[in-house]
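*Asks:* The structure's right below; bear with me while I get my questions together.
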Amino acid sequence: MTTMPDGPLAEEPEARPSSPEEAVLREAESVLEDVAPEAEASMDVLDSPRRLLLVHAHPDDETIGNGATMARYAASGTHVTLVTCTLGEEGEVLVPELTALAADQEDGLGQHRVGELATAMEALGVTDHRFLGGPGRFRDSGMMGLPTNDRPDCFWQADVDEAARLLVEVVREVRPQVLVTYDENGGYGHPDHIQAHRVAMRALEMAADPQVRDGEPWQVEKVYWNAIPDSWLREGMRRLREAGDETTFEGMDPEGELPMATPDELVTTAVDATDFVDAKLAAMRAHATQIAVDGPFFALSNNLGNAVWGVEHYRLVRGEVAGDRDQNGRETDLFGGLD
Ligand SMILES: [Zn+2]
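In this note's numbering, the protein residues as written are 52 to 390.
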């Protein structure tokens, strides 16, 4: 038995699961049964009055950034669609038995991550997840500045309009009222995140443009960029340091520059989905090659309580902030103000 965080997920199941995937799904099932008994029924996309589209770069980004939000909306009957732009072929492999999958060895990580993503989506109760242009259409570009950025098949080298055209198909099919993606820096400067931002923003324009052929034009009413409020990140780091943890966010100073944070005043929206934090943690475990159970994410859950993962923040860049506000004056519902 590996180390697991405290809480309901740490309970030993009656019979030993046959695989890590099965273990994750069992946990997720019990979580979703508790909080979302109606999540089972899947309907035709347009039968759901509310539709949410998320555009991400690699498998695991959706869970880290939006996992609780996705589970909450899916459970309340919103149709949640995830589009992932690459298979994450260039990622690290944190599972010792699977290191041969790495890009510089067998190069089988992408296929493996397709399975991890599927398990994670099951854990979140999300049934509609797709890869932009189909699995393997765009390859992971690797970190900024690496030679992998120059591979002609990588996402960074893709023509933005051409890639956006593929996303337009999804937008016009799903007709989401709300779209979530990254800011122009892709959150932290990874080329695939920056490219996902460009492609998503371009696809929004093209989808609404009657001159762009195939399908009915569709105007997305509210567009959000993922955000980590500056004060939220600093406070989390301070508390880890106070608890004696010097390795999580190693080399970063809670009083210094935090380039991946968004200034507090730009963060418009906080989705409280703490009821779904266990589903999010189960989905994180599903991304086993990417997220170490003894790494920062789980350290944070142990040290700061699961709530830190249950509230996810956004910056509204199209549409009006509306509906209920939290104690910080932030909007609480991505669909606020929409019928
Ligand atoms: Zn990523």
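Cβ atoms here follow ideal geometry from the backbone N, Cα and C, with glycine treated the same way.
Which ranges would you report for the beta strand (DSSP E) in the segment 252–318 if only whole runs of at least 3 residues count?
*Replies:* 273–278
*Asks:* Less than 6 Å between the CB of Asp112 and some heavy atom of ligand 1, yes or no?
*Replies:* The residue you call residue 112 lines up with position 61 of the sequence shown. True, at least one ligand heavy atom lies under 6 Å from that Cβ.
*Asks:* By a C-beta neighbour count over all protein chains shown, 10 Å radius and 16 as the cutoff for buried, is Arg164 buried or exposed?
*Replies:* By one-based count along the sequence shown, residue 164 stands at place 113. Buried, since its Cβ has 16 or more Cβ neighbours within 10 Å.
*Asks:* Would a check of beta-carbon distances place Gly118 closer than 7 Å to chain C?
*Replies:* Here there is only one protein chain, and chain C is not present.
*Asks:* Quick check: the segment 307–314 against the segment 367–378, are there 3 or more CB pairs under 8 Å?
*Replies:* no
*Asks:* Buried or exposed for Gly307, please, with buried defined as at least 16 other CB atoms from any protein chain shown within 10 angstroms of its CB.
*Replies:* As a position in the sequence shown, residue 307 is number 256, starting the count at 1. Gly307 comes out exposed.
*Asks:* Here's a check: name, in chain order, each residue in its chain whose Cβ is nearer than 8 Å to the Cβ of Gly187, leaving out the five neighbours to either side.
*Replies:* Stepping through the sequence shown from its first residue, residue 187 is reached at position 136. Around Gly187: Leu138, Gly161.
*Asks:* I think Asp22 touches Arg190, with their Cβ atoms under 8 Å apart; what is that distance to the nearest whole Å?
*Replies:* Past the boundaries of the shown model lies residue 22; the chain is included only from 52 to 390, so the question cannot be answered.
*Asks:* Val328 and Ala119 - do their beta-carbons sit closer together than 7 Å?
*Replies:* What you label residue 119 is simply residue 68 of the sequence shown in a count that begins at 1. What you label residue 328 is simply residue 277 of the sequence shown in a count that begins at 1. Yes, Cβ-Cβ distance for Ala119 and Val328 is below 7 Å.
*Asks:* Hey, would you say Leu175 sits closer than 7 Å to Ala122, going by beta carbons?
*Replies:* Indexing the sequence shown from 1 puts residue 175 at position 124. Indexing the sequence shown from 1 puts residue 122 at position 71. Yes, the pair counts as a contact, with Cβ atoms nearer than the cut-off.
*Asks:* From the DSSP output, in three-state form, read off Ala321 for me.
*Replies:* Within the sequence shown, residue 321 is the residue found at index 270, counting from 1. Strand, per DSSP.
*Asks:* Helix, strand or coil, according to DSSP, for Tyr124 in the structure here?
*Replies:* Position 73 of the sequence shown, counted from the first residue, corresponds to residue 124. Three-state result, Tyr124: helix.
*Asks:* Would you give the residue range spanned by the beta strand (DSSP E) that Thr135 belongs to?
*Replies:* Stepping through the sequence shown from its first residue, residue 135 is reached at position 84. Taken as a continuous stretch (DSSP letters only), the beta strand (DSSP E) holding Thr135 covers 130–135.
*Asks:* Going by C-alpha to C-alpha distance, which of Asp296, Val231, Arg202, Val146 sits closest to Ala251?
*Replies:* If you number the sequence shown from 1, residue 251 lands on position 200. Here the closest residue by C-alpha is Val231.
*Asks:* Need the endpoints of the alpha helix (DSSP H) that His163 sits in, please.
*Replies:* Against the sequence shown, residue 163 aligns to sequence position 112. Counting along the chain, the alpha helix (DSSP H) containing His163 begins and ends at 160–175.
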